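Have a look at the structure below before the remarks.
Protein chains: 2
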Amino acid sequence: MNEKKTFLIGEFSEKTGTSVRTLHYYDEIGLLKPDKDPSSGHRHYSDKDVLTLQKIVSLKFLGYSLEQIKGMIHESSYDVSLNESLQIQKKALEEEKLHIEAALTSINRTIKLLEEEGEVDSAILMSLINTVQTERNMREWLEQRTTKDVVNYLYNKSEDDVLALDKEYIHLSKKVKELVGLPFGDPQVQELIDQYTKATLDFIGEEAMHALAEMDLSEADKLQEMVPSPFTKEEEDWLNQAMEYYMVQNGMVDPQDNQE
Amino acid sequence: MNEKKTFLIGEFSEKTGTSVRTLHYYDEIGLLKPDKDPSSGHRHYSDKDVLTLQKIVSLKFLGYSLEQIKGMIHESSYDVSLNESLQIQKKALEEEKLHIEAALTSINRTIKLLEEEGEVDSAILMSLINTVQTERNMREWLEQRTTKDVVNYLYNKSEDDVLALDKEYIHLSKKVKELVGLPFGDPQVQELIDQYTKATLDFIGEEAMHALAEMDLSEADKLQEMVPSPFTKEEEDWLNQAMEYYMVQNGMVDPQDNQE
DNA sequence: GTTGCACCTACAGTGACGTTAGGGACTATG
DNA sequence: CATAGTCCCTAACGTCACTGTAGGTGCAAC
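As you go down the protein sequences, you meet chains A and B in turn.
First residue of the first sequence? That's 1 in full-length UniProt numbering, and the numbers climb one at a time after it.
First residue of the second sequence? That's 1 in full-length UniProt numbering, and the numbers climb one at a time after it.
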């Protein structure tokens with residue numbers, strides 16, 4: 001009746017799919033301490049140890065640290081008081097999930113882009129990836145300052161739209177890096193800015209444009225800071241000045257508006 | 001023109017949201033090495049370093065290790081050859097996502113169960129969590145041996161069904177732990193087994209039951225091994241024998257069938 | 001003159017193991 | 001009987017991406 005079959009560490013490892021080293025480690029930190037043969041020093045894992053290891057593996061699966069598990073393992077049953085801890089785990093996992101999903105959309109966008117474009121400047125590509133990365137912050141920020149409708153409009157683009165926009169972004173950014181330094185009056189520069197404003201309008205949509213235009217300028221600056229730019233300081237300064245020049249030329253803004 | 005504004009590490013850290021200590025670290029491992037003032041030893045981060053750090057953060061966001069990033073960072077543009085690496089990252093992230101989703105369903109089930117049950121034996125709870133953990137393997141295993149229809153039927157349970165099933169599982173397992181050791185002829189034991197078979201039939205459904213019944217017995221044993229049991233060896237042996245006794249009593253199987 | 005701040009280097013610690021070195025006990029084979 | 005192979009052991013170092021801490025320099029303000 002009391003046969004009490006035990007396993008050596010090798011068998012036990014095989015049986016449970018946990019590596020020998022891991023079992024050594026769990027013993028070392030006092031998480032799973034099997035009986036030890038005093039003469040040989042060999043570990044003897046019992047039937048009960050199987051259940052304990054199952055507990056450990058399960059709790060690890062739920063995202064608990066071994067230290068936390070050590071505190072939970074000795075209870076023979078769990079009640080609702082565990083729920084608090086479970087809720088915390090849940091939140092953490094949901095955060096992680098959002099991160100992974102964002103990374104995945106980023107990767108998918110990048111894969112498509114590279115397939116269509118062949119080659120992309122690294123800084124431009126990275127700023128695109130960064131866009132996804134900061135999208136959540138951006139959304140929250142925008143929702144506080146504009147309306148939900150505007151935000152929804154901005155972010156509910158179809159996949160194709162996003163791809164087209166990415167391509168546009170790349171081409172314009174590349175152009176900027178090519179033309180940087182040219183005088184603002186140069187027709188190439190004027191065309192670039194023209195395309196840029198048109199693309200922006202296309203993307204943003206008119207209502208959103210108006211909503212955004214109503215924000216403070218200082219606030220708008222903060223928005224710009226959140227979006228990491230693919231440009232160096234020179235490129236950025238040049239672009240801003242070219243934009244200003246364009247706006248003044250086309251009577252879209254009074255010169256004195258842009259003094260700082 | 002060549003003003004070349006640089007930042008001390010504190011400013012740079014503020015600006016980029018990366019901790020000073022991390023920047024030290026990146027310098028140490030040769031990932032981001034700013035110029036150093038030879039006399040003071042202070043680091044001077046340039047405009048370019050901002051772009052480099054952006055690259056690092058973005059690639060980290062995609063799940064690359066710093067070692068991998070070190071290899072990618074010096075290229076000024078990326079082409080389709082990057083796609084291979086992106087696909088690998090994608091797969092890894094998708095794996096992680098599946099893991100997290102499984103953990104989340106596990107947690108949600110557990111939260112609900114604890115709310116409804118109040119208190120649950122730890123071994124039983126863990127074996128339930130383990131079920132989700134091994135669900136993917138189980139599915140694959142079953143799909144190879146039975147039909148897709150059966151598998152779909154088995155896994156497309158509603159949330160309520162799952163909860164009900166979980167509760168049933170808990171109650172029966174608890175009963176086993178209570179009654180273990182009693183003679184198989186005891187009416188309580190007979191009732192337990194009766195409930196157990198009925199619950200199984202309810203859950204599995206008739207077609208699936210037939211499909212499963214057609215598998216080898218040795219194969220079925222392997223299935224059992226995959227599902228971690230909440231029982232000790234004694235409990236499990238007792239249950240198996242009680243089942244056999246029940247089957248024979250009710251003429252569902254010939255005694256000689258069960259010889260090993 | 002000392003207090004505070006921003007910077008520096010250098011070393012240690014974290015978590016959950018993996019890897020490697022060196023050695024004991026047992027069995028099988030030449 | 002020597003050797004090889006297998007299983008086990010301890011002990012210590014390596015990994016990754018940091019974080020923390022101790023002790024020190026140089027400079028400005030009070």
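All C-beta atoms, glycine included, are put in the ideal place defined by N, C-alpha and C.
Treat the numbers as computed from the prediction; the structure is a model and nothing was measured.
Under a criterion of Cβ atoms nearer than 7 Å, no residue of chain A is adjacent to F184 of chain B; the nearest Cβ is some 16 Å distant. For Y64 of chain B, there is no enclosing alpha helix (DSSP H), as DSSP marks it with neither H nor E. Annotation for Y45 of chain A: no alpha helix (DSSP H) segment contains it, and DSSP assigns it neither H nor E. If only uninterrupted beta strand (DSSP E) runs of at least 3 residues are considered, those enclosed by the stretch 83-171 of chain B are 119-121. Counting C-beta pairs with one atom in each stretch, the stretch 25-39 of chain B and the stretch 72-90 of chain A have fewer than three that are closer than 8 Å, which means they do not touch.
For A123 of chain B, the C-beta contacts it makes with chain A under 7 Å involve L51, in order along the chain.
The stretch 184-204 of chain A makes contact with the stretch 238-246 of chain A: 3 or more CB pairs, one atom from each, lie closer than 8 Å. Judged by their CB atoms, Q133 of chain B and A164 of chain B are not nearer to each other than the 8 Å cut-off. Residue pairing for S77 of chain B: DSSP places it in a beta bridge opposite A:D121.
The three-state secondary structure of D237 of chain A, taken from DSSP, is helix. Interface annotation for the stretch 140-165 of chain B against chain A: empty, criterion Cβ-Cβ distance under 7 Å. The residue among B:Q89, B:L113, B:A211 and B:S229 with its C-alpha nearest the C-alpha of K60 of chain B is B:Q89. Under a criterion of Cβ atoms nearer than 9 Å, the residues of chain B adjacent to F61 of chain A are, in order, H99, A102, A103, S106, I129, N130, V132 and Q133. Segment contact: the stretch 146-162 of chain A against the stretch 103-121 of chain B, fewer than three CB-CB distances shorter than 8 Å; contact not assigned.
Annotation: Cβ neighbours of T232 of chain A in chain B (cutoff 9 Å, chain order): D47, K48, V50 and L51. For R43 of chain A, same chain residues with a beta-carbon under 6 Å away, outside a window of 5 residues either side, are I9, P34 and K36 in chain order. The DSSP-derived three-state label of F203 of chain A is helix. For I29 of chain B, there is no enclosing alpha helix (DSSP H), as DSSP marks it with neither H nor E. The beta carbons of I100 of chain B and L93 of chain A sit about 5 Å from each other, so the pair counts as a contact at 8 Å.
DSSP places T6 of chain A in no alpha helix (DSSP H); its state is neither H nor E.
For the pair T52 of chain A and V57 of chain B, the Cα-to-Cα distance works out to about 40 Å. Of the other Cβ atoms in all chains shown, fewer than 16 fall within 10 Å of the Cβ of S65 of chain A; this residue is therefore exposed. Any Cβ of chain A closer than 8 Å to the Cβ of D79 of chain B would place that residue at the interface, and such an atom is present.
Within chain A, Q54 have C-beta atoms less than 7 Å from the C-beta of P228 of chain B, given in sequence order.
Taking 8 Å as the Cβ-Cβ cut-off, the stretch 64-98 of chain A approaches chain B at E75, S76, S77, Y78, D79, V80, L82, N83, L86, Q87, Q89, K90, L93, E94, E96 and K97, given in chain order.
As DSSP reads the structure, K36 of chain A sits in a beta bridge with A:R43.
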